[in-house]
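Report on the structure given below.
Protein chains: 2
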Amino acid sequence: MSTQSTESTKQAASIDALSSGRVPSVEVAAHTGERIQIAGWLHALRRLGGISFLIVRDGWGIVQVVAASDEELAPLHTAHAGPESVLLVEGVVAAASQAPGGIELREPRITVLIAITETPPVILGKRELKASLNTMLDEAVLTSRHPTRRAVFRLGASAMASFRETLSARSFTEIQSPKLVESATEGGANVFALDYFGRPAYLAQSPQFYKQIMVGVFERVFEVGPVFRAEPHDTTRHINEYVSLDMEMGFIESHFTIMAVARAVLASMMERFRAANAADLALLGVTLPEVPAEIPHLHFAEAQDLILRLHGVDVRGEPDLSPQDERWLGEWARAEHGSDFLFVTGYPMRKRPFYTHPDPARPEYSNSADLLFRGTELMTGGQRLHRYEDYLAALAERNVSPEPFADYLETFRYGMPPHGGFAIGLERLLMQLTGLPSIKLATLFPRDINRLRP
Amino acid sequence: MSTQSTESTKQAASIDALSSGRVPSVEVAAHTGERIQIAGWLHALRRLGGISFLIVRDGWGIVQVVAASDEELAPLHTAHAGPESVLLVEGVVAAASQAPGGIELREPRITVLIAITETPPVILGKRELKASLNTMLDEAVLTSRHPTRRAVFRLGASAMASFRETLSARSFTEIQSPKLVESATEGGANVFALDYFGRPAYLAQSPQFYKQIMVGVFERVFEVGPVFRAEPHDTTRHINEYVSLDMEMGFIESHFTIMAVARAVLASMMERFRAANAADLALLGVTLPEVPAEIPHLHFAEAQDLILRLHGVDVRGEPDLSPQDERWLGEWARAEHGSDFLFVTGYPMRKRPFYTHPDPARPEYSNSADLLFRGTELMTGGQRLHRYEDYLAALAERNVSPEPFADYLETFRYGMPPHGGFAIGLERLLMQLTGLPSIKLATLFPRDINRLRP
Chain H
15 MSTQSTESTK QAASIDALSS GRVPSVEVAA HTGERIQIAG WLHALRRLGG ISFLIVRDGW
75 GIVQVVAASD EELAPLHTAH AGPESVLLVE GVVAAASQAP GGIELREPRI TVLIAITETP
135 PVILGKRELK ASLNTMLDEA VLTSRHPTRR AVFRLGASAM ASFRETLSAR SFTEIQSPKL
195 VESATEGGAN VFALDYFGRP AYLAQSPQFY KQIMVGVFER VFEVGPVFRA EPHDTTRHIN
255 EYVSLDMEMG FIESHFTIMA VARAVLASMM ERFRAANAAD LALLGVTLPE VPAEIPHLHF
315 AEAQDLILRL HGVDVRGEPD LSPQDERWLG EWARAEHGSD FLFVTGYPMR KRPFYTHPDP
375 ARPEYSNSAD LLFRGTELMT GGQRLHRYED YLAALAERNV SPEPFADYLE TFRYGMPPHG
435 GFAIGLERLL MQLTGLPSIK LATLFPRDIN RLRP
Chain L
15 MSTQSTESTK QAASIDALSS GRVPSVEVAA HTGERIQIAG WLHALRRLGG ISFLIVRDGW
75 GIVQVVAASD EELAPLHTAH AGPESVLLVE GVVAAASQAP GGIELREPRI TVLIAITETP
135 PVILGKRELK ASLNTMLDEA VLTSRHPTRR AVFRLGASAM ASFRETLSAR SFTEIQSPKL
195 VESATEGGAN VFALDYFGRP AYLAQSPQFY KQIMVGVFER VFEVGPVFRA EPHDTTRHIN
255 EYVSLDMEMG FIESHFTIMA VARAVLASMM ERFRAANAAD LALLGVTLPE VPAEIPHLHF
315 AEAQDLILRL HGVDVRGEPD LSPQDERWLG EWARAEHGSD FLFVTGYPMR KRPFYTHPDP
375 ARPEYSNSAD LLFRGTELMT GGQRLHRYED YLAALAERNV SPEPFADYLE TFRYGMPPHG
435 GFAIGLERLL MQLTGLPSIK LATLFPRDIN RLRP
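First to last, the protein sequences are chains H and L.
The opening residue of the first sequence carries number 15 in the numbering used here; numbering runs sequentially from there.
The opening residue of the second sequence carries number 15 in the numbering used here; numbering runs sequentially from there.
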């Protein structure tokens, strides 16, 4: 039980330097026998006979406070302080095997900083947060306070930090590319348009063009930032603003270089989750996948052959994998390689964006790689074209004018090495890792076709 | 000279793991006497008698290559490869006190990966990048490749990393707040409007409301992300999209807690610049400021008195400081305290946003703090209101309906401790630190009233 008691296991050694003597929940156990002060929100209040159990929640976890008399509780009663009231509580730290974290605060002296007398529209004080998806999202201001919700977002923070650290250690430079762009180019449709001082502008669907441009500057770059997709779908797998973890690098051999970086990034993330988020994982009941030393990979054509052989379904000639195909391949990777991860390489060129590099040996296939995690796409990437003439030809072949791409094309006109990169959607990673029923639950304040608030 | 030779001084130990045997510029000196391979762009080519000096630029710095014969240069001539061509160069590393970084590559074998035969529209191969501001920005795809431009952006990357690390070490949680919002609330005017599936939406001017909401969840949060201001000004100090470094924390004493965090953040940034960006600073001729153990602070009213006393100008009664006032105060901090930094506290309530917390002792003044750096505002922050009733009163006093703020206000309706935070504009920091003539040069791809590209 004690693993579920405090959500956050990260080191909080310096947390107190600026907080006037209070002890954060995650450090209380280190003060057993001492009289200390904690601060936080009244998460729950339970009575058992003459004894009251207060659960106080701070930014990192919860602490049980035991009031043995009505007198000790009097400050709450006087102020009519209910759930979510903000409290200071002084008390003696005592070992208590049944309590969250194995400790509780006894002989409490309670100070009510802010008394909340109105009942919140959702009950936060239970182990599980019981509410419909709509209520969860409408009341995100409050539901985010629940330990199980915080655990998801803390995993997200760890994922971002790990991504940045892994790449920084390999001499990648962080960039911030503009989100306001002149041309709704890359994806064609599905972009948000806005009025920019009297002329049209668009919200960036991805930092793709800018990260490639920056390979000409720093060779290795990454960005963590919002991207915007005006997709008019209301499903459990769509949101219209999400956080993209993007990298791009120069002087690669092929898409296999990119795959090696992706493997390193994933392995570091899992390590970090294990080290920094053990309590979050326990609270959410998440078993982390192992990242194999080499993630198995399968060419697109072989994948289609495999599906025919194993399942009798002939998908050869299809330009892409269906969700069912991906699930079958995920099962195969699990059974054959004991791996939750599988790279599918060499997707046909005809379904890939114009900047995709073909396989020199089989030009109808691409030097691309998608990573499947437990049978669902988690990451997409690959090698890009790097010769100016190849870009002009690729656009001409698609009957697209090069004019709106002039700045982007200048990169290749004036020298670019072989390069490539990948992108991971943060929310999709969190959804798949923690088994959330909707991607809308993997972001603090989701934007969907019906939802612009809170 | 050798400090200016390679831009990046950061450790690049693992840079090579994925790059098939090439040695990055910043590691070449460690291979003196060996025959190695480098890769990069032809930055410049100079002839001196029968000898040719090639400067090869990679993502981190430059390396001089000496060709003693036309034969060694033949691959360039054959391919008509001019500046910005992408090359592999094998050669023997030799000490050469006059060369950048004190080393050069001799007996070169050059392979041209990509031959550039067209002359780029800006000359990148000189120590200084000579171009008008407009050309600098129009050609940002190329000008960003110049060592002096890269140095600015690498300082930016260090600033972001340092901000995150300093706060993470104090148990702050990283958040990503939505950039698409329903109400154009906070600033009133100056927001970009867009069509969101048939209804209006706006681009967030700041994460202010969301970071406060998240104090109710994690107590301590930070965000590094884009913000959007539709300010129709074309000046050297305005851009319409910039990167904001935001933090917010709960259970503070007053704005002085926030000032202590700001000081810690700045001190860490300067330390990081010193450790990771020594060559960048040398290239840009930047002398870093010292961050005093305690940054001097002055109340707004005292600041006005001081200006009267020192300069004979009576600005008492003005609700804000003018740029001239700020310069005078900057000079005073330098002369009186030997400090490039000065906190001005207690700005009058009437010019501050509605969520500003008043000074309990003098309610016409606020618990706010602006940080001046060499006489210009660098950071703004302070304590916020935390009581629901105070928010309702503050809005009523301004004749503003609370309705569009319903989600935000829910945070305070259901319990919030005293809290506050600050924001630093990344580009402004870089401009002030490196003495750039325009803030537009402090971001990769600036957006201004006339500029949406590249």
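All C-beta atoms in this analysis are idealised placements derived from N, C-alpha and C, irrespective of residue type, glycine included.
This one's a predicted model, so the numbers in the text were calculated from it and none came from an experiment.
- Of all residues in the segment 435–465 of chain H, only L458, F459, R461 and I463 place a beta-carbon less than 7 Å from a beta-carbon of chain L.
- For R60 (chain H), the CB contacts under 6 Å within the same chain, skipping 5 residues up- and downstream, are F67 in chain order.
- Taking a C-beta distance under 8 Å as the contact criterion, F177 (chain L) and V275 (chain L) do not qualify as a contact pair.
- Of the candidates H:S158, H:N148, H:I124 and H:D152, H:S158 places its Cα closest to the Cα of G139 (chain H).
- One alpha carbon belongs to E262 (chain L), the other to G434 (chain L), and they sit about 5 Å apart.
- Nearest CB-CB separation between G395 (chain H) and chain L: not below the 8 Å threshold.
- In this structure, L56 (chain H) lies away from P89 (chain H), with their beta-carbon atoms at least 8 Å apart.
- Leaving aside the five residues that flank F287 (chain H) on each side, the residues in its chain whose CB is nearer than 7 Å to its CB run, in chain order, L169, S172, L295 and L302.
- Counting along the chain, the unbroken beta strand (DSSP E) around H313 (chain L) starts and ends at H311 to H313.
- When the five nearest sequence neighbours on each side are left out, the beta carbons in the same chain lying within less than 8 Å of the beta carbon of H351 (chain H) are those of P306 and P310, in order along the chain.
- C-alpha of K454 (chain H) to C-alpha of E255 (chain L): approximately 27 Å in a straight line.
- Around A53 (chain H), the beta-carbon contacts reaching into chain L at under 8 Å are F265 and P431.
- Under the 8 Å criterion on CB atoms, R36 (chain H) is classed as interfacial with respect to chain L.
- Ranked by Cα distance from L406 (chain H), the options H:D462, H:G389 and H:R427 are led by H:R427.
- When C-beta atoms of the segment 348–365 of chain H are compared with those of the segment 375–384 of chain H, three or more pairs fall below 8 Å, so the two segments count as touching.
- Between G396 (chain H) and H269 (chain H), the C-beta gap is smaller than 8 Å, which places the two residues in contact.
- Contact check for S185 (chain L) against W74 (chain H) passes: the beta carbons are separated by less than 8 Å.
- Residue L:T250 holds the alpha-carbon nearest to the alpha-carbon of N148 (chain L) among L:R164, L:T250 and L:P122.
- Counting only the Cα atoms, V300 (chain H) lies some 10 Å from Q446 (chain H).
- Within the same chain, P38, S39, I52, A53, G54 and W55 come within 8 Å of D72 (chain H) by CB-CB distance, once the 5 residues on both sides are set aside.
- Excluding sequence positions up to five before and after M430 (chain L), its CB lies within less than 6 Å of the CB of G230 and H400, all in the same chain and listed in chain order.
- In the three-state reduction of the DSSP assignment, V231 (chain H) falls in the helix class, which pools H, G and I.
- Residues of the same chain with a CB within less than 7 Å of the CB of A165 (chain H), apart from the 5 flanking positions on each side, are E21, D294, L297 and L298 in chain order.
- In the same chain as L208 (chain L), and ignoring 5 residues on each side of it, the C-beta atoms closer than 6 Å to its own belong to A215, in chain order.
- Runs of the beta strand (DSSP E) lying entirely within the segment 248–317 of chain L and spanning at least 3 residues, in chain order: 255–264 and 311–313.
- As a beta-bridge residue in DSSP terms, T390 (chain H) pairs with H:F387.
- In the DSSP assignment, P337 (chain H) falls within the alpha helix (DSSP H) that extends over P337 to H351.
- Boundaries of the alpha helix (DSSP H) around P89 (chain H): D84 to A93.
- The shortest C-alpha to C-alpha distance from S353 (chain H) to any of H:H371, H:E304 and H:P372 is the one to H:E304.
- Those residues of the segment 178–190 of chain L placed with their C-beta closer than 8 Å to a C-beta in chain H are R178, S182, A183, R184, S185, T187, E188, I189 and Q190, ordered along the chain.
- Ranking H:P468, H:E411, H:L385 and H:I124 by CA distance to the CA of P418 (chain L) puts H:P468 first.
- Leaving aside the five residues that flank H325 (chain H) on each side, the residues in its chain whose CB is nearer than 7 Å to its CB run, in chain order, W342.
- Its Cα nearest to that of L444 (chain L), the residue L:T390 stands out among L:I463, L:T390 and L:V329.
- Of the residues H:F242, H:R234 and H:F211, the one whose Cα lies closest to the Cα of V205 (chain H) is H:F242.
- Among the residues facing chain L, D294 (chain H) is not included, as its CB has no counterpart in that chain under 8 Å away.
- Linking R213 (chain L) to D260 (chain L) through their CA atoms gives a straight-line distance of about 29 Å.
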